[in-house]
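First comes the structure, then the notes that go with it.
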Amino acid sequence: MTASPDALTDAQTRQLLVYLAAAHMAGGAGAHEATEDVVRAARAIGLPGAQINATPDGVTLSLGHGAAATFESVEGSLRLDQTARVAAIQHGLETGALTPTAALDALKGLRAQRARFPVTGMYLGGFTVAAGIAGILQPTWPSVLFAAVASPITIALIRLTGRRLVPSALLPLFAGFLVAAAAFAAFQAGFITSPLRTMLPPVAVLLPGALLVTGLSELVAGAMVSGASRLAYGTTQLVMFAAGVAGASILLDVPPEAFANGRVDEIGPLAGFVGLFLLTLGICFMESVPRRLAPGVLFVTASTYVTQWSVQNWVDAPAWGGALAGAFVASFSAWVIALARPTMSRMVLFLPSFWLLVPGSLGLVTVTQLGIDPRESWPTAMNATSVVLAIALGLVFGTSAARALRFTIRRGLRRRADARAASTLVE
């Protein structure tokens, strides 16, 4: 192999690249995207033959055909500030601004990076995210108030899971049961009119919308193992949520009309835009988003929402049309910003938009209705399926368009550099 600038051994080099791949996967990247990024980093340090097999729970990597391989498990997800750090390491390796030794040290300390707001940020962020999503999904004052009041239940369960006091496998079940019980009780008391949609914002941070869409995009890109496993796991999460909701409905003897999937708008169109701002602010608190990236996150989420809202309201397109357009804009704008400013992580800019597009919420509504009243669930199931597929296609189209733009720009720059070199030789 070609020696790296600071003479890492083969074992250390494998460790560097496999840590980088695992960090990309933990940050929410698809298997095909993580593979492309790590292969580029390997080439930049003189290893054009590196091979990688990435899945959501582990990464296997070798430095060449027939060479020794290293496996690294993917242990939990990263916060957005940690994902931004991974993007900086990736950029540093590609440009040579960061030595392999420094990159390896940075990756080793990645999990130890402390959140800027460890406790208050979680609760305050969960409060504003829930209120913001309620303003978008079910814009009524009782629903917004319920979302804000119930959000600490979800955050407390997340923290208890982190301390291993609640089994992580049962987190969706417990969250779904407790929040649904509160929503059904509020419905029976006459406080809210649509408990099924009202209970979604407080648990939105746990819903596997990004997981499902990423899985579909991986399948489209040919990453069959990773894509199928994400879809299976995401569906299982939805079933666990739905089981908790069903348990709460049985305990409180809730009538079937409580499961009507109707959107009520009492606040007006401005509720969505205020909710957008609250959602972005809450994500910045919960995920410790670096201040320099916060304007970019707001720009991408705002562009996504405005596009989705305009297509559905001005063009009078179905829900899947707005989802397709919104996903395209989210993916394309995040890529373009990262292209213009390489130190900005496209994943940090892009991932918050998934919470706007709410495919996981639609999926939970579908699975819950299917268990309570199958006849009423099929229209919602078709709508949810079309929305998730549209988001996945929009993601693929937006990414492809951005990559084509990147290729065109880089080819133009190379041609200009070659022309300058030729003119210098002539002179």
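Going left to right, the sequence shown walks through residues 545 to 971 as my numbering numbers them. By construction, the Cβ of each residue, glycine as well, lies at the ideal position given by its N, Cα and C atoms. This structure is a prediction, so every number in the text was calculated from the model and none was measured.
Same chain, Cβ closer than 8 angstroms to residue i, five either side skipped, listed in chain order
i: L822; result: T672, V673, A675, G676, G679
i: A650; result: R629, I633, L642
i: A772; result: G759, L763
Run of the alpha helix (DSSP H) containing residue i, from where it starts to where it stops
i: T579; result: 575-588
i: G771; result: 768-796
i: T557; result: 554-570
i: D649; result: 644-652
i: G826; result: 814-830
i: I680; result: 664-681
i: W657; result: Looking at the sequence itself, residue 657 is Gln, so the reference to Trp does not match. Counting along the chain, Q657 falls outside any alpha helix (DSSP H), and DSSP gives it neither H nor E.
i: M891; result: 890-894
Start and end residues, beta strand (DSSP E) containing residue i
i: E638; result: Segment 624-639 is the alpha helix (DSSP H) holding E638; no beta strand (DSSP E) there.
i: S617; result: 613-617
i: I596; result: 595-599
i: L605; result: 602-606
6 angstroms CB neighbourhood of residue i in its chain, flanking five on each side removed
i: R950; result: L883
i: G791; result: F721
i: A631; result: S889
i: G865; result: V855
Where residue i falls: helix, strand or coil (DSSP)
i: A547; result: Residue placement at A547 is poorly supported in this model, since its pLDDT is 40, which falls under 50; the coordinates still yield a value, given next. Note: A547 maps to coil in three-state DSSP.
i: A733; result: coil
i: F801; result: Here the sequence assigns Glu to residue 801, which means Phe is not the residue at that position. Three-state result, E801: helix.
i: I811; result: coil
i: V764; result: helix
i: V931; result: helix
i: L740; result: helix
i: G696; result: Strictly speaking, residue 696 in this sequence is Pro, with Gly absent from that position. Note: P696 maps to helix in three-state DSSP.
i: W879; result: helix
i: L837; result: helix
i: P903; result: Unreliable placement is indicated for P903, whose pLDDT of 47 sits below 50; the coordinate value is still reported in the next sentence. If DSSP states are grouped into helix, strand and coil, P903 belongs with the helices.
Exposed unless 16 or more other CB atoms sit within 10 angstroms - verdict on residue i
i: R959; result: exposed
i: F615; result: exposed
i: S621; result: exposed
i: P813; result: exposed
i: M768; result: exposed
i: I699; result: buried
i: R774; result: buried
i: I953; result: exposed
i: T579; result: buried
i: A733; result: exposed
i: E801; result: exposed
i: G938; result: buried
i: E831; result: buried
Distance, residue j Cα to residue i Cα
i: V808; j: F731; result: 14 angstroms
i: A598; j: A570; result: 11 angstroms
i: A551; j: L564; result: 18 angstroms
i: C828; j: L704; result: 22 angstroms
i: V892; j: D581; result: 15 angstroms
i: A612; j: A725; result: 53 angstroms
i: F1000; j: R955; result: Shown here, the chain extends from 545 to 971; a query on residue 1000 therefore has no answer.
i: V844; j: S877; result: 6 angstroms
i: L795; j: A694; result: 19 angstroms
i: A786; j: S793; result: 10 angstroms
i: R708; j: T627; result: 24 angstroms
i: V618; j: A567; result: 8 angstroms
i: V931; j: A754; result: 13 angstroms
i: L750; j: G610; result: 41 angstroms
i: G669; j: A656; result: 21 angstroms
i: D797; j: P716; result: 21 angstroms
i: L986; j: A647; result: In the structure displayed, the chain extends from 545 to 971; residue 986 sits before or after that span and is not available.
i: H576; j: A765; result: 7 angstroms
i: E638; j: P686; result: 51 angstroms
i: A727; j: P739; result: 5 angstroms
i: P887; j: S847; result: The question names Pro, yet the displayed sequence has Thr at residue 887. Taking the straight line joining both Cα atoms gives about 21 angstroms.
Beta-carbon contacts of residue i that lie in its chain and below 7 angstroms, excluding the five residues immediately before and after
i: V833; result: L624, D625, I827, V841, V892
i: V710; result: L701, L704, F718
i: G602; result: F615, E616, S617, V618
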